[in-house]
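**Student:** Okay, handing you the structure first.
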Amino acid sequence: MIRQHQVQLKTSDVHGFTLIEVLIAMAIFAIGILGVATLQITSVKGNTSASNLTVNTIIGEDRVESLMSVSYDDATDLSSGDHTPVQDSDGVDNDSDGTTDEAGETGPIVVSYTVDEDTPVRNTKTVTYTVTRSHAFGQKTITFIQVIPEII
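Take the sequence shown: its letters are residues 1 to 152, numbered as in full-length UniProt numbering.
This is the structure:
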């Protein structure tokens, strides 16, 4: 008679992850978190840049509107050439502290404009208004061009 033996393999009741599996999972998680952090930094830079550009646009529009009310023959504001108003009297909150044109005001926002007579046609003045803001990531400049006709 031949005996047959049955061999039973002992199975382990241990459940869970090995140390290597946990370390690999932590490494993948860390890489993902670093990616999200980098994305957040890029997003903040982009939002700051957009905000600065919006402020520059509002300032430029306001300055152009103020020049629209000036007489064509105004020798001070619409004389030919380059004009860079002093920061403490340019009508802009250059240092973004909430107060416009305080004594000795300086800041990253610089406004200037150029007046060209008889350009593009006779009896007109072309005003090129520029608003520049310097910041940690460089400069942002926005330019407005307005043609003012002489009303006869």
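All C-beta atoms, glycine included, are put in the ideal place defined by N, C-alpha and C.
In the DSSP output, what is I148 paired with across the bridge?
**Tutor:** The residue you call residue 148 lines up with position 148 of the sequence shown. In the DSSP output, where bridge partners are listed per residue, I148 has K125.
**Student:** Which partner residues does K140 have in the DSSP bridge list?
**Tutor:** The residue labelled residue 140 in the question sits at position 140 within the sequence shown. Answer is R133.
**Student:** Suppose you measure from the CA of S71 to the CA of T48; what does that come to, to the nearest Å?
**Tutor:** Position 71 of the sequence shown, counting from 1, holds the residue named residue 71. Position 48 of the sequence shown, counting from 1, holds the residue named residue 48. Taking the straight line joining both Cα atoms gives about 37 Å.
**Student:** Under 6 Å Cβ to Cβ from N123, same chain only, skipping five residues before and after it: list those, please.
**Tutor:** Sequence index remark: in the sequence shown, residue 123 carries index 123 (1-based). E150.
**Student:** By how many angstroms is the C-alpha of G35 removed from the C-alpha of D74?
**Tutor:** Mapped onto the sequence shown, residue 74 falls at position 74. Mapped onto the sequence shown, residue 35 falls at position 35. When rounded, the distance between both Cα atoms is 57 Å.
**Student:** For the beta strand (DSSP E) that T114 lies in, which residues bound it at each end?
**Tutor:** Your numbering for residue 114 matches position 114 in the sequence shown. 109 to 117 is the span of the beta strand (DSSP E), which, as asked, contains T114.
**Student:** Quick check: what's the CA-CA separation for P85 versus Y113?
**Tutor:** Position 85 of the sequence shown, counted from the start, is the residue given in the question as residue 85. Position 113 of the sequence shown, counted from the start, is the residue given in the question as residue 113. Their backbone Cα atoms lie some 9 Å apart in a straight line.
**Student:** Mind checking whether G91 and S66 have CB atoms under 8 Å apart?
**Tutor:** Here residue 91 corresponds to residue number 91 of the sequence shown, with the count starting at 1. Here residue 66 corresponds to residue number 66 of the sequence shown, with the count starting at 1. Yes, the Cβ-Cβ distance between G91 and S66 is below 8 Å.
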